[in-house]
Amino acid sequence: MESKLPEKFLEAKENEEAMEDLISLFFPKIYKCLQQTNEQERDDLFQELCLDTYLCIKSFNADQLMGFFELKESLENSFSENE
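Just so you know, UniProt numbering puts 30 at position 30 of the sequence shown, and the rest follows in order with no gaps.
So, in structure tokens, the structure goes:
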């Protein structure tokens, strides 16, 4: 049975094989986005998007994520400051 996505993120930060598996989950979305680009540039853009995905996974820190109510309060505060 496959592990859940958050678990895959944590595992990928420590294990390069898990990183490859995780990035490969994003291939369909990357390929779909690249259909809108010039054919000659797709290979280079694919590599760039895979590298960006790799860097995002490596820098991801679940401990810094806000909970729902923290996010709600933060958004309410930012809206009230703009009024």
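Where is the CB? At the ideal position from N, CA and C, for every residue including glycine.
Sorted by chain position, which residues of the same chain lie with C-beta nearer than 7 Å to residue i's C-beta, five sequence neighbours on each side aside?
i: Glu42; result: Looking at the sequence provided, one finds Arg at residue 42 rather than Glu. Once the five neighbours on either side are set aside, the close Cβ partners of Arg42 are Leu34.
Within 7 Å: the Cβ of residue i and any heavy atom of the ligand HEM?
i: Ser24; result: This structure simply doesn't include the ligand HEM, nor any ligand for that matter.
On the criterion of 16 or more Cβ atoms from any shown chain inside 10 Å, does residue i qualify as buried, or is it exposed?
i: Ala12; result: buried
i: Leu22; result: buried
i: Met19; result: buried
So for residue i, helix, strand or coil by DSSP?
i: Leu65; result: coil
i: Thr37; result: coil
i: Asn15; result: coil
i: Lys4; result: coil
i: Phe9; result: helix
So residue i packs on residue j, CB below 8 Å; how close in whole Å?
i: Ile57; j: Phe9; result: 6 Å
Residues in the same chain with beta-carbon distance under 8 Å from residue i, minus the five sequence neighbours each way, listed in chain order, please.
i: Asp44; result: none
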